[in-house]
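Presented below is the structure to which this report refers.
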Amino acid sequence: MSHSTSMRRVAAISVSALAALALTGPAALACPPEPTLRSETPRDLKIGSAVWGQRDLLDHDRKNGGEFQRILGAEFNSLTPENDMKWAEVHPEPDVYDFSGADAVVAFAKAHRQEVRGHTLLWHSQNPQWVIDAAADWTCEEARDVLEDHVRTVVGRYAGEIYEWDVANEIFQDDWDEGGVRLRTEANPFLKACAEDPVALLGDVFRWAHEADPEAVLFLNDYNAEGINAKTDAYYELAQELLADGAPLHGFGAQGHLSLQYGFDESIQENFERFADLGLKVAVTEADVRMPLGEDGEPDAEQIALQAERYDKMLQACLDVPACTSYTVWGFDDGRSWVPGVFPEGYATIMTEEFEKKPAYHALLESLTEATPGRSPRTPPGLNR
Ligand code: G3I
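Using mature numbering (1 follows the signal peptide of the UniProt record, and there is no 0), the letters of the sequence shown map in sequence onto residues -30 to -1, 1 to 355.
Spelled out as structure tokens, the structure:
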């Protein structure tokens, strides 16, 4: 091709490009925005992350603070305060409530058009010292008064701003604990004080929360609660009992803390369906998939692939059960994960410490996209923002 021919061709291309621009406007030539978990999420499903208001949003000296917040806002349409609404943080002294961390999460969510899952009102862990001390000689009536004040105050403060609350967290023991699967009437100070009729107390906790925020969807929530097992059988019975008593129980949450050391319970969808058949919503509330690491502190390729598969299987169960309202990861980057502090395991989240997206992230993105009618993984996003 001669020089003048190629120049004419360039000119012709430029003219047709300009014509296209005139016909369709500059947006037609702009790159489509990169899809995010949030942009690909179908129906009214919420895709969430835990975030620690005090540490992650208020302490601005955290490394990568700007990038962390950008990703948090771009990828998720739901946030769960990882610690800030727990008793020890929000109610550190008998007459002192500290809402600073929780307020930071709620404010960030509002600014980024996200919703908030509340976590949690009744738990055996992370109770302040004053509760532990006072509980030593509580009557049930005294325990109820303290709990009622707390529930009404915390739920009431955020009434209308929280779409789901983990009202009661981890209230059953595991089947390998002493005594087997039964309500934690030893470790949980409130259930202990009311051990004669713990179900009556639970029903009232749900009633107090409902009165304080009639719109919020109220959940039971636990770990080892993905598949059908002795613990979820116990929850299934409890849920029926609470509903028969007229308690405003609305949902059952499976935390989804998995480890590659153990198998995956394929009955998760069936488990969700049986709770949905009771009229309850279901949710994956704290997903992460940890693993033992090699001496170099790194996972191998097989572990990385298996992690992606496990994250995705939990998401599939949620996508396939219409009653599933939300799928939340318990932090999105390894730099902030709770796992290495507790287990000799790691690599549990969907992004590395440097915010590099793992195959687990891409597996979730692809499944979300495929679940949206009329979309394929290559279709530019634009809906569901
Ligand atoms: O209490 C101090 C606090 O006063 C201080 O400001 C802070 C400074 O670092 O440390 C505080 O304690 C930490 C606490 O979170 C904050 O409330 C603990 O050291 C820390 O171990 C604790 O860990 C949390 C854990 O729950 C216990 O509450 C994790 O970050 C959090 O990811 C984890 O989350 C739980 C869910 O709530 C329930 N399901 C299991 C899940 C994983 O354990």
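Glycine included, every Cβ here is placed at the ideal spot set by N, Cα and C.
- Would Ala257 pass as a contact of Ser296 if the rule is Cβ separation under 7 angstroms? no
- Task: Within the segment 215 to 262, note down every full beta strand (DSSP E) run reaching 3 residues or more, in order along the chain.
- Result: 221 to 224, 227 to 229 and 251 to 260
- contact_flag[the segment 153 to 162, the segment 103 to 119] where n(CB pairs < 8 angstroms) is 3 or more: yes
- Message: Counting beta carbon pairs with one atom in the segment 196 to 207 and one in the segment 115 to 125, are three or more of them shorter than 8 angstroms?
- Response: no
- Using three-state DSSP, classify Thr342 as helix, strand or coil. Three-state result, Thr342: coil.
- Nearest-angstrom Cα separation, counted from Ala341 out to Ala224: So the two alpha carbons sit approximately 21 angstroms from each other.
- Message: Once DSSP output is grouped into helix, strand and coil, what is the label at Ala165?
- Response: coil
- Which runs of the alpha helix (DSSP H) fall wholly inside the segment 105 to 161 and span at least 4 residues, in chain order? DSSP runs (the alpha helix (DSSP H)) wholly in the segment 105 to 161: 110 to 127.
- Report yes if the C-beta distance between Leu190 and Ala113 is below 7 angstroms; otherwise report no. no
- Taking only heavy atoms of the ligand G3I into account, decide whether any of them is closer than 6 angstroms to the Cβ of Gln143. no
- Could you give the residue range of the beta strand (DSSP E) that holds Glu85? Glu85 to Leu92
- Query: Taking 6 angstroms as the line, does the beta carbon of Glu52 fall inside it for any heavy atom of the ligand G3I?
  - Reply: Because some heavy atom of the ligand G3I lies under 6 angstroms away, the Cβ of Glu52 counts as near it: yes.
- Task: Could you name the residues of the same chain whose beta carbon sits closer than 8 angstroms to that of Asn47, not counting the 5 residues immediately before and after it, in chain order?
- Result: Short of 8 angstroms from the beta carbon of Asn47, and not among the five residues preceding or following it, lie these beta carbons of its own chain, in chain order: Arg8, Thr11, Lys16, Ile17, Gly18, Arg83, Gln84 and Glu85.
- Message: Cutting at 6 angstroms between CB atoms, please list the residues of its own chain near Gly197, excluding the five before and the five after it.
- Response: Once the five neighbours on either side are set aside, the close Cβ partners of Gly197 are Asp235, Ser237, Ile238 and Asn241.
- DSSP state of Cys288, grouped into three classes? In the three-state scheme derived from DSSP, where H, G and I count as helix and E and B as strand, Cys288 is classed as helix.
- Task: Find out if the Cβ-Cβ distance for the pair Thr123, His89 is shorter than 7 angstroms.
- Result: Not closer than 7 angstroms, so no.
- Item | C-alpha gap between Pro64 and Trp135, whole angstroms | 23 angstroms
- Task: Can you say whether Lys328 is buried or exposed, counting buried as having 16 or more other CB atoms within 10 angstroms of its CB?
- Result: buried
- Item | Closer than 7 angstroms to chain D by CB, Ala257 | In the structure shown, chain D does not exist; there is a single protein chain.
- Message: Per DSSP, what are the beta-bridge partners of Tyr297 in this structure?
- Response: Ile17 and Val254
- Message: Cutting at 6 angstroms between CB atoms, please list the residues of its own chain near Thr255, excluding the five before and the five after it.
- Response: Hits under 6 angstroms: Asn191, Gly223, Gln225 and Thr298.
- Excluding sequence positions up to five away, which residues of its chain have a Cβ less than 7 angstroms from the Cβ of Thr155? Leu161, Lys162, Ala165 and Pro168
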